[in-house]
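Enquirer: One structure, pasted below without further comment.
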Amino acid sequence: MTKAMLIDVSKCIACRACQVACKAWNDLPAEITVCAGCYDNPTDLSPDTWNRIAFWELERQGGGVDWVFRPVRCMHCTDAPCVRVCPTGALFKDSLGFTAYDESKCNGCGYCVEFCPFDIPRLKEANLWGKGTTTKCTFCQTRVRDGLIPACAKACPTGAITFGDRKDLIAEGTARAEKLKGDGFVDAALYGHDLLGGLGMMYVLTDKPSVFELPEHPTGGLAEVWQPWIQGLGSFAVGATALGLLINWLVARQNIKVEEE
């Protein structure tokens, strides 16, 4: 059964319990941050921060402001562009539906960073051997495979994050969005149930996706033709290079024999 998470932004109070739980479970170090004139802390994802709470102030028509928040992390697309372009299989789709990650296979190419339509993966700095690796939310893959819920969902004190079977969460998210519309949020909607094959991280939004800096129609871009064409060309180029080196070696050997005679 495909698993997913549903995040209802109307219930999010930006307590950052999910942010702290992510750090604790994944043994991620703290970061030195600075005030950027808003409540975002930190202001972006990084190799050591896989989940953060984004904050916006919205002006009301009649005056005053509204505060809205959104947890930002990997969206676990069913048709994931990062999986399409990963040349080593470090990123792959788990049988439970989320986008899993095997760091031992990562070669630090950065393709996933370039092709993610949600700007999620980050690259660690190269180590002593000149190799960097990518980082991102893994859906607490070890917890979920052991029958536990993700750390962020367990830590959420308001029920803003729900974990469960994806088809059930779609029904729940649709119902929540309809209720919000009845409460005056005319643009409320379930985001992600039909994008990129269906997202494993869906949102109940109180406003248009653009308000929360989410693309309305995310695509894989060049990733759509990456595997059948570009990676194929790369393999052909490697093979042609190897063949060229072999021919060069044979010609060199022949010339040496001629000189010796």
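Numbering of the sequence shown is given in my numbering, commencing with residue 179 and proceeding in unit increments.
For every residue, glycine included, the Cβ atom is placed at its ideal position computed from N, Cα and C.
Going straight from the alpha carbon of A415 to that of C264, what length do you get?
Expert: Residue confidence for A415 is low, a pLDDT of 44 falling below 50, so the modelled location carries little weight and cannot support an answer.
Enquirer: Restricting to runs no shorter than 4 residues, where is the alpha helix (DSSP H) found entirely within the region 284 to 366?
Expert: For the region 284 to 366, whole alpha helix (DSSP H) runs of length 4 or above, ordered along the chain, are 289 to 293, 319 to 323, 329 to 333, 344 to 360.
Enquirer: My output table needs one value for R262: the three-state DSSP class, helix, strand or coil.
Expert: In the structure shown, R262 sits in a helix (DSSP, three-state: H, G or I).
Enquirer: Taking the alpha-carbon positions, what's the K332 to G275 distance?
Expert: Those two C-alpha atoms are separated by around 19 Å.
Enquirer: Would you please state the rounded distance, in angstroms, between the beta carbons of V187 and L383? I believe it to be under 8 Å.
Expert: Right, their Cβ atoms sit about 6 Å apart.
Enquirer: Should K314 go down as buried or exposed, given a rule of 16 or more other Cβ atoms within 10 Å for buried?
Expert: K314 should be labelled buried.
Enquirer: So the candidates are T311, L347, K345; which of them puts its Cα closest to the Cα of C287?
Expert: It is T311.
Enquirer: Inspect the CB distances between the region 192 to 209 and the region 341 to 355 and report whether three or more fall short of 8 Å.
Expert: With a cut-off of 8 Å, the region 341 to 355 and the region 192 to 209 do not count as touching, because too few Cβ pairs lie within range.
Enquirer: Let me know the secondary structure DSSP gives K386 once reduced to three states.
Expert: In the structure shown, K386 sits in coil (DSSP, three-state: anything other than H, G, I, E or B).
Enquirer: In terms of residues, what are the limits of the alpha helix (DSSP H) holding W245?
Expert: Where W245 is concerned, there is no enclosing alpha helix (DSSP H), although the beta strand (DSSP E) it sits in stretches over 243 to 250.
Enquirer: Please report the straight-line C-alpha distance between G398 and G362, rounded to a whole angstrom.
Expert: Cα to Cα, G398 sits roughly 34 Å from G362.
Enquirer: Can you have a look at A156 and say buried or exposed, based on whether 16 or more other CB atoms are within 10 angstroms of its CB?
Expert: There is no way to answer for residue 156, as the model of the chain reaches only from 179 to 439.
Enquirer: At the level of alpha carbons, what is the spacing between R440 and D324?
Expert: The structure shown has nothing for residue 440, since the chain only spans 179 to 439.
Enquirer: Helix, strand or coil for A214, going by three-state DSSP, please let me know.
Expert: Residue state, collapsed to three classes: coil.
Enquirer: With H, G and I counted as helix, E and B as strand and the rest as coil, what does DSSP make of W228?
Expert: Three-state DSSP puts W228 in coil, outside helix and strand.
Enquirer: Would you call C213 buried or exposed, if buried means 16 or more other Cβ atoms sit within 10 Å of its Cβ?
Expert: Result: exposed.
Enquirer: If we ignore side chains and look at the alpha-carbon of each, how far apart do C260 and G241 end up?
Expert: So the two alpha carbons sit approximately 42 Å from each other.
Enquirer: When DSSP labels each residue in this structure, what does C452 get in the three-state scheme?
Expert: What the structure shows of the chain is the stretch from 179 to 439, and residue 452 is not part of that stretch, so it cannot be assessed.
Enquirer: Beta carbon of C255, beta carbon of L400: below 8 Å?
Expert: Their beta carbons are not under 8 Å apart, which means C255 does not touch L400 by this criterion.
Enquirer: Of the residues H395, L358, M379, D372, which one's Cα is nearest the Cα of D385?
Expert: Answer by Cα proximity: L358.
Enquirer: Just confirm the distance between the C-beta atoms of L206 and W234, as a whole number of angstroms; I'd bet it's less than 8 Å.
Expert: Between W234 and L206 the Cβ distance is about 25 Å, and since that is not below 8 Å, they are no contact.
Enquirer: Grab me the residues of P299's own chain with a C-beta within less than 8 Å of its C-beta, minus the 5 sequence neighbours each way, in chain order.
Expert: These residues qualify, in order along the chain: C252, C260, C290, V291, T312, T313, K314.
Enquirer: Could you tell me which residues DSSP pairs with M183 in its beta bridges?
Expert: Partner(s): F341, M379.
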